[in-house]
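The opening residue of the sequence shown carries number 576 in the numbering used here; numbering runs sequentially from there.
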Amino acid sequence: MHTRKGWKHTDDMKRLRIIMVSVAAAAIVFIAAAGVVIWMMLQGNLQSGQGTVQSNPAQTSGAVLPVYDDSFNLVLVNKNRQLKSDFSVQLTEFRGVQIEERILPALEKMLEDAKRDGCLINITGGYVDKETQQSQYEQEVQRLMDSGGYTRIRAQEDAKATVQPGDYSELQTGMAVQLASAENPDVDFGTTKEFRWLEKNSIRYGFIQRYPLSKTTATGHIASNTQFRYVGTEHATKMRSLGMCLEEYDTYVRNR
Numbered sequence: 576m577h578t579r580k581g582w583k584h585t586d587d588m589k590r591l592r593i594i595m596v597s598v599a600a601a602a603i604v605f606i607a608a609a610g611v612v613i614w615m616m617l618q619g620n621l622q623s624g625q626g627t628v629q630s631n632p633a634q635t636s637g638a639v640l641p642v643y644d645d646s647f648n649l650v651l652v653n654k655n656r657q658l659k660s661d662f663s664v665q666l667t668e669f670r671g672v673q674i675e676e677r678i679l680p681a682l683e684k685m686l687e688d689a690k691r692d693g694c695l696i697n698i699t700g701g702y703v704d705k706e707t708q709q710s711q712y713e714q715e716v717q718r719l720m721d722s723g724g725y726t727r728i729r730a731q732e733d734a735k736a737t738v739q740p741g742d743y744s745e746l747q748t749g750m751a752v753q754l755a756s757a758e759n760p761d762v763d764f765g766t767t768k769e770f771r772w773l774e775k776n777s778i779r780y781g782f783i784q785r786y787p788l789s790k791t792t793a794t795g796h797i798a799s800n801t802q803f804r805y806v807g808t809e810h811a812t813k814m815r816s817l818g819m820c821l822e823e824y825d826t827y828v829r830n831r
């Protein structure tokens with residue numbers, strides 16, 4: 576038979592159990608709600624990146640750069656490889672030069688970071704349309720013929736090492752840019768601190784030196800320190816580690 580003291584103890588225990596169950600239930604509800612909120616935030620971030628981002632975005636000095644599909648990154652155009660008829664360039668203007676708008680975030684960030692490191696870099700060239708490219712090629716052919724010792728056929732072939740015909744120049748993609756030192760624009764760019772900065776850092780932004788001196792046979796183009804081409808951070812880094820130019824890397828990717 577329970578005494579008053581015994582009943583009071585039993586009631587206290589019941590109240591304690593009720594309080595403990597209530598606290599536990601509240602904690603479960605809170606954790607579940609927090610989980611839902613976090614899940615919704617993650618879903619929102621993923622959805623906002625759909626369309627252009629194909630994999631984990633590249634991070635550079637705190638900035639997140641878009642990552643594109645290889646059908647864009649690895650477009651290859653040269654004197655032997657015609658630009659595909661279905662390639663569609665999306666143009667925008669940056670610092671007075673037309674470029675493919677999809678490379679703008681990486682290009683802008685690269686030049687900003689270079690400036691922060693004391694290297695002022697100008698853009699001197701970008702997209703060239705088919706008609707202008709063809710006109711420049713024909714002018715180069717004529718220049719070679721006028722210089723003497725060139726037949727038209729030989730001039731047409733040799734001109735391609737410097738100026739390609741329309742539809743055979745990657746300048747039509749808008750993915751290549753010509754760069755120069757803002758402080759020393761008349762000096763050979765390859766001797767400047769700006770070039771050395773690009774040589775070291777450009778791959779972090781997805782850019783490669785398009786026509787290195789050591790790769791003239793593979794590219795079929797004279798060496799150029801000024802032309803840089805966007806291929807995406809992943810491929811730029813891989814090309815650097817393999818010591819390949821774009822033509823060599825294209826063959827490597829196709830044969831994997």
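Yeah, the Cβ is synthetic: ideal placement off N, Cα and C, and Gly gets one too.
Tell me, please, whether the stretch 727–736 touches the stretch 816–830 by the rule of three or more beta-carbon pairs shorter than 8 angstroms. no
Just reading off the alpha helix (DSSP H) that A755 is part of, what are its end residues? Segment 751–756 is the beta strand (DSSP E) holding A755; no alpha helix (DSSP H) there.
By DSSP's criteria, G700 is part of a beta bridge. Which residues make up the other side? Q753
Using the three-state DSSP reduction, which class does A638 fall into: helix, strand or coil? strand
Nearest by alpha-carbon distance to P680: which of D661, V639, V650 is it? V639
Presumed contact (8 angstroms Cβ cut-off) between F669 and E683, rounded CB distance: 7 angstroms
Helix or strand or just coil, what does DSSP make of M800? The amino acid occupying residue 800 in the given sequence is Asn; Met does not appear at that position. In this structure, N800 counts as strand in the three-state DSSP scheme.
Report all residues from its chain with a CB closer than 6 angstroms to the CB of Q753; omit the five preceding and five following residues, and keep chain order. T699, G700, T801, Q802
Could you check if E769 is buried or exposed, using at least 16 other CB atoms within 10 Å of its CB as the buried criterion? buried
Go through the stretch 737–794 residue by residue and report every complete run of the beta strand (DSSP E) that reaches 3 residues or more, in order. 751–756, 782–786
Can you tell me the Cα-Cα spacing of I778 and Q665, whole angstroms? 23 angstroms
On the CB-based measure, 16 or more other CB atoms within 10 Å of its CB, does V762 come out buried or exposed? exposed
So, helix, strand or coil for M616, using DSSP? Residue placement at M616 is poorly supported in this model, since its pLDDT is 46, which falls under 50; the coordinates still yield a value, given next. Here M616 sits in helix by DSSP.
Taking the CB atoms as reference points, tell me whether Y702 and E675 lie closer together than 8 angstroms. yes
Can you list, in chain order, the residues of its chain with a C-beta nearer than 7 angstroms to that of K813? Leave out the 5 residues immediately preceding and following it. none
Output the distance between the C-alpha atoms of K690 and G723, rounded to the nearest integer angstrom. 45 angstroms
So, at 7 angstroms on beta carbons, what are the nonlocal neighbours of D692 in its own chain, with the 5 sequence-adjacent residues on each side left out? W772
Integer Cβ distance of M685 from F782, believed to fall under 8 angstroms: 7 angstroms
Member of I696, K735, S646 whose CA lies at the smallest distance from the CA of N655: K735
Tell me which residues share the same chain as E715 and place their Cβ nearer than 7 angstroms to its Cβ, disregarding the 5 neighbours each side in the sequence. A734, T737, V738
In the DSSP assignment, find the unbroken alpha helix (DSSP H) run with V716 in it and report its ends. 705–721
By the three-class DSSP mapping on this structure, what secondary structure does Q673 have? strand
Identify the continuous alpha helix (DSSP H) that holds D825 and give its terminal residues. 821–829
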